[in-house]
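A short worksheet on the structure shown next.
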Amino acid sequence: MGLGPRVSLPIRFPRKLAFLSCFAHYHWIDRPRSITWAVTGRCNANCIFCEVPAQLTSQEDVTQERALKLVEEMNTIGVEEVVLVGGEPLARKDIWQILEQCSKFGIRVLLVTNGLAIEKLDPRRLEVLRRCVSEVRISLDSTDAEQHDSIRGVSRAFDRAVAGLATLRRLGGPEVSISTVVMNGNQDQIPKLVELADKSGARAVYFQPVSPITIFSGASALTKKMELLVNTQADFERLERNVDAGLRAAKRLRIFTTLPIFQVFAGPYFQAWAANLPGLYFETIVRKFVCLTTLWSTFVDYDGSVKPCAVLASTGNIKQSSLVTEWAKLSQFRTNAKAGRLPNECQACFCNIGESIVFSTLRSPLRNWRMFETLAASRLR
Ligand SMILES: C[S@@+](CC[C@H](N)C(=O)[O-])C[C@H]1O[C@@H](n2cnc3c(N)ncnc32)[C@H](O)[C@@H]1O
Ligand code: SF4
Ligand code: SF4
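Have a look at this one:
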């Protein structure tokens, strides 16, 4: 239950006050602060953990007209940030018009990309990136070119992504960060990726553990790539050693990472999968887990379908209705999420788990005093 009336005022919290914003969204503000939008289903890579459907054409994507209108609707309901994903967002031909539209309405853009296309962009396109995008997050899963190429299923994927980082550095903006999927086999890369971030001018590395469930299959048809999980005692120890080394490197080089959260939660996450009991993870970590992700954001897929988050089933489609209508439809889902009632699929989730766990813990510090202690210790390291 909220403490006061539900409002959808376009109040914008400065990023430094994001923490207050969590509580405001929990109690009073009924609008998405951020939209994660898969602007296309197509991709120029073929990653082992992703399974982007190879047969998609641009016909399935929402039209340019609808895409531009969607940005307008985002502005009307006070969306502060759009996270562009896919597929590969730069594989969408009119991505440039979409970026311009976001910029026109002052919506912050975080572009998540495999980085393959950046080195070949002409100066006009680069200028659009510089003006309209706040942050480009390039996916890099290894500093070993051969390993990264084999994970991404593309030759020269590493060289091209690193060339993309260098191009953005020369451009002098947007901010650059790295996104890394941690799986069995690339644990040793954690500290090396922090060093690479430092050398290439990236301000942060967002480590996330591999999910054996690809978002493209939909939650009802789970493709379980269990072989990608960290699952033996020796592998856990190797992961732990490398997370510690990564934390030391990050501190020394002043690179922001998700490693403090990763250090606390990745072990239980992988162990729960190894025991084939992903629920264990949720049930043992916080006494009442609230999914903050669905309280302040929503997911729009390449074909226009709207989902509480990337991995859950669709509840509607913006090809047939408006963002406001689709947000309203998810109201019951949010009521349930606030009460800690989440679907079974959530038991395997690691999406934005850090912010959701921090929020859940701080909401009920007495109930979660053990977790409160753990979080405080991880922040102090
Ligand atoms: C779906 S991709 C879309 C953007 C772009 N194509 C890219 O790879 O950066 C968004 C992010 O999800 C990550 N990702 C994809 N499949 C994943 C999985 N099964 N488990 C964890 N992360 C995954 C990617 O590495 C990437 O950082
Ligand atoms: S993770 Fe990104 S780059 Fe890899 S196949 Fe999926 S959409 Fe493409
Ligand atoms: S817990 Fe994870 S899977 Fe469930 S709704 Fe939240 S983000 Fe989605």
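Using our numbering, read the sequence shown as starting at 1 and increasing by one per residue. Note that the Cβ used here is the ideal one computed from N, Cα and C, for glycine as well.
Label residue i either buried or exposed according to how many other C-beta atoms from any shown protein chain fall within 10 Å of its C-beta, with 16 as the threshold for buried.
i, result
"MET183", "buried"
"LEU116", "buried"
"GLU326", "buried"
"GLU386", "Summary: the structure shown does not reach residue 386, with the chain confined to residues 1 through 381, and so no result is reported for it."
"LYS199", "exposed"
"TRP369", "exposed"
"ALA226", "It should be noted that the sequence gives Met, not Ala, for residue 226. Label assigned to MET226: exposed."
"THR257", "buried"
"PRO123", "exposed"
"LYS120", "exposed"
"VAL324", "exposed"
"ARG341", "exposed"
"ALA221", "Unreliable placement is indicated for ALA221, whose pLDDT of 42 sits below 50; the coordinate value is still reported in the next sentence. Classification for ALA221: exposed."
"ARG152", "buried"
"LEU375", "buried"
"PRO209", "buried"
"THR180", "buried"
"LEU20", "exposed"
"ALA219", "Unreliable placement is indicated for ALA219, whose pLDDT of 39 sits below 50; no coordinate value is reported for it."
"THR361", "buried"
"PRO365", "exposed"
"ALA91", "buried"
"ARG169", "exposed"
"MET371", "buried"
"THR232", "exposed"
"ARG131", "exposed"
"GLN263", "buried"
"SER331", "exposed"
For residue i, tell me which candidate among the options has the shortest Cα-Cα distance.
i, options, result
"PRO343", "ASP303, PHE372, ILE357, PHE289", "PHE289"
"ALA234", "LEU277, GLN208, GLN271, PHE207", "GLN271"
"ALA250", "LYS225, LEU193, TRP369", "LEU193"
"ARG203", "SER139, ARG33, SER177, GLU227", "SER177"
"VAL83", "PHE23, TYR26, SER297, LEU292", "SER297"
"CYS346", "ALA67, ASP244, VAL311", "VAL311"
"GLN59", "VAL71, GLY41, GLU51", "GLY41"
"LYS93", "ILE261, GLU355, CYS43", "CYS43"
"ALA38", "GLU73, ILE95, PHE23, SER21", "ILE95"
"LEU385", "LYS338, VAL85, ILE318", "Since the first and last residues shown for the chain are 1 and 381, residue 385 lies out of range."
"VAL306", "CYS47, THR36, VAL136, CYS351", "THR36"
"VAL154", "ASP303, SER34, PRO278, ASN46", "ASN46"
"GLY246", "GLY279, VAL205, ALA275", "VAL205"
"VAL392", "GLY164, THR315, VAL286", "It is not possible to answer for residue 392, since the shown part of the chain is limited to 1 through 381."
"VAL133", "ASP159, PRO278, ALA328, LEU111", "LEU111"
"THR57", "GLU373, TYR302, VAL136", "TYR302"
"GLU100", "ILE77, GLU127, GLY86, ASN114", "GLU127"
"ASN114", "LYS104, SER103, ASP149", "ASP149"
"GLN285", "ILE353, ALA313, ALA337", "In the sequence as displayed, the identity of residue 285 is Ile instead of Gln. Of ILE353, ALA313, ALA337, the residue nearest in Cα terms is ILE353."
"PRO89", "GLU355, LEU129, ALA337, LEU362", "LEU129"
"SER211", "PRO278, MET371, SER356", "PRO278"
"ARG33", "ARG66, GLY78, GLU51, THR63", "GLY78"
"CYS351", "CYS309, ALA274, PHE49", "CYS309"
"PHE359", "GLU51, PHE105, ILE261", "ILE261"
"GLY267", "ARG241, ALA275, ILE255, PHE236", "PHE236"
"THR335", "VAL230, LEU292, GLU175", "LEU292"
"GLU195", "ARG248, ARG160, ASN231", "ARG248"
"PHE207", "ALA274, ILE255, THR167", "ILE255"
"CYS50", "ILE213, GLN189, GLY173, ASP159", "ILE213"
Assuming residue i and residue j are in contact, meaning their beta carbons sit under 8 Å apart, how far apart are those beta carbons, in whole angstroms?
i, j, result
"PHE333", "THR294", "6 Å"
"ASN75", "ILE107", "6 Å"
"VAL243", "LEU259", "6 Å"
"CYS102", "VAL71", "6 Å"
"GLN187", "LEU239", "5 Å"
"LEU165", "ILE138", "6 Å"
"VAL391", "GLY87", "Since the first residue shown for the chain is 1 and the last is 381, residue 391 is missing from the structure and cannot be characterised."
Could you tell me whether any Cβ in chain B is nearer than 9 Å to the Cβ of residue i?
i, result
"GLN147", "Annotation note: the requested chain B is absent from the structure, which comprises a single protein chain."
Is residue i near ligand 5 - that is, is its Cβ less than 8 Å away from at least one heavy atom of it?
i, result
"PHE350", "This structure simply doesn't include ligand 5; it includes ligand 1, ligand 2 and ligand 3 instead."
If you measure from each residue's Cβ to the nearest non-hydrogen atom of ligand 3, which ones come out under 7 Å, in chain order? One residue list follows from the rule of a beta carbon closer than 7 Å to any heavy atom of ligand 3, given in chain order as CYS291, THR293, THR294, PRO308, CYS309, VAL311, LEU312, ALA337, LEU342, PRO343, GLU345, CYS346, CYS349, CYS351, ASN352, SER356.
In chain order, each alpha helix (DSSP H) run of at least 4 residues that lies wholly inside the segment 159 to 208: Every alpha helix (DSSP H) stretch that sits fully inside the segment 159 to 208 and reaches 4 residues is listed by chain position as 189 to 200.
If you scan the segment 93 to 142 from start to end, which runs of the alpha helix (DSSP H) of 4 or more residues do you find wholly inside it? Runs of the alpha helix (DSSP H) inside the segment 93 to 142: 95 to 104, 123 to 132.
Quick check for students: name the residue ranges of the alpha helix (DSSP H) that lie wholly in the segment 23 to 68, counting only runs of 4 or more. Listed in chain order, nothing qualifies, since the segment 23 to 68 has no complete alpha helix (DSSP H) run of 4 or more residues.
At what residue ranges does the segment 266 to 350 contain a whole run of the alpha helix (DSSP H), taking only runs of 4 or more? You should have 278 to 285, 292 to 296, 323 to 329, 331 to 338.
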